[in-house]
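What follows is a set of notes on a single structure, which appears directly below.
2 protein chains.
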Amino acid sequence: MAADALSRVFSALADPTRRDMVARLSIADATVNELAEPYEVSVQAVSKHLRVLEDAGLVTRTRDAQRRPVHLEAEVFDLMTKWIERYQRQAEERYRRLDDVLRDLPDDTEGERE
Amino acid sequence: MAADALSRVFSALADPTRRDMVARLSIADATVNELAEPYEVSVQAVSKHLRVLEDAGLVTRTRDAQRRPVHLEAEVFDLMTKWIERYQRQAEERYRRLDDVLRDLPDDTEGERE
DNA sequence: CCTGTAATCAACCGAATGGTTGAACAAGGG
DNA sequence: CCCTTGTTCAACCATTCGGTTGATTACAGG
């Protein structure tokens, strides 16, 4: 698990169950048992999922008696959106430039490639 | 690989090599060999990575003689950003509401926990 | 103090992942 | 027509992943 931060976040969200947990945690904090309740898997499995989310920095766990309420840390999303938007923008810009190039092409180069 | 589309995209981008390929493809299309050149892994490994990106809908491959130029399909990013932004927004809003609640609390209920 | 409850740890299992090497296939170019 | 180039397929291997069950730890409360 020595992966970089970005890999950990993407990887953590690559699982539907974990995404669903994130979705629910965006509404309210919850304990492990509360989180586990709707799923068919064991509470241990949910605990493991939470560990993955925690390692990715997406959630934090505090202590309240026996309970360990899980809290969503939404700032980590920024890491992803920054990365995505960068290449999204770059690809769009490139596409725009390609349009310009095609528009400025002399007529005899019709269907050269694609 | 019967995972849902969102899982496939997140999973595909959870690998640093694949993210780097996406980054490079945002500049220009490239062939498999061109893509493989900077990495220490075999060209077969890169081909496998491309398959993952293709299954996620992040790239398409056309044919140009023996070459198979790879092209980035940036629209798929939207799928992710939509998902992220939704819960990012929800978490922020929840945080804002929490602030309101705390501000309006009577003084004697200090650390009750929700 | 002892019991019940919440959660994690530990060991294990099967499937998926990322890598390898070697063979096969596809398409041009001499 | 054959050979070279570009790419993929196939089989294999080690590691990781998501899940299980059973044991263990950490508190709270009667």
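Chains as they are written, first to last, in the working numbering: chain A, 182 to 295; chain B, 182 to 295. Ideal Cβ positions, reconstructed from N, Cα and C, are used throughout, including at glycine.
is_contact[residue i, chain A] using C-beta, thresh 8 Å
{"i": "residue 219(B)", "result": "no"}
{"i": "residue 275(B)", "result": "yes"}
{"i": "residue 272(B)", "result": "yes"}
{"i": "residue 194(B)", "result": "yes"}
{"i": "residue 204(B)", "result": "yes"}
{"i": "residue 201(B)", "result": "no"}
{"i": "residue 281(B)", "result": "no"}
{"i": "residue 228(B)", "result": "no"}
For residue i: DSSP bridge partner residues
{"i": "residue 231(A)", "result": "BP columns for residue 231(A) are empty, so no partner."}
{"i": "residue 211(B)", "result": "251(B)"}
{"i": "residue 198(A)", "result": "Residue 198(A) pairs with nothing; no bridge assigned."}
{"i": "residue 242(B)", "result": "251(B)"}
CB contact below 8 Å: residue i versus chain B
{"i": "residue 236(A)", "result": "no"}
{"i": "residue 231(A)", "result": "no"}
{"i": "residue 223(A)", "result": "no"}
{"i": "residue 207(A)", "result": "yes"}
Beta carbon of residue i nearer than 8 Å to that of residue j
{"i": "residue 187(B)", "j": "residue 260(B)", "result": "yes"}
{"i": "residue 253(B)", "j": "residue 272(A)", "result": "yes"}
{"i": "residue 242(B)", "j": "residue 235(B)", "result": "yes"}
{"i": "residue 203(B)", "j": "residue 216(B)", "result": "no"}
{"i": "residue 258(B)", "j": "residue 265(A)", "result": "yes"}
{"i": "residue 275(B)", "j": "residue 207(A)", "result": "yes"}
{"i": "residue 211(B)", "j": "residue 251(B)", "result": "yes"}
{"i": "residue 237(B)", "j": "residue 189(B)", "result": "yes"}
{"i": "residue 196(A)", "j": "residue 197(B)", "result": "no"}
{"i": "residue 157(A)", "j": "residue 200(A)", "result": "Beyond the ends of chain A as shown, which are 182 and 295, falls residue 157(A); an answer cannot be given."}
Heavy atom of the ligand COA within 7 Å of residue i beta-carbon
{"i": "residue 206(B)", "result": "As far as ligands go, the structure on display features none, and thus does not contain the ligand COA."}
Beta-carbon separation (whole angstroms), residue i vs residue j, contact threshold 8 Å
{"i": "residue 249(A)", "j": "residue 213(A)", "result": "6 Å"}
Q. Going along the segment 237 to 270 of chain B in order, which residues come within less than 7 Å of chain A, judged by CB to CB distance?
A. Only 243, 245, 253, 255, 258, 261, 262, 265, 268, 269 from the segment 237 to 270 of chain B bring a Cβ to less than 7 Å from some Cβ of chain A.
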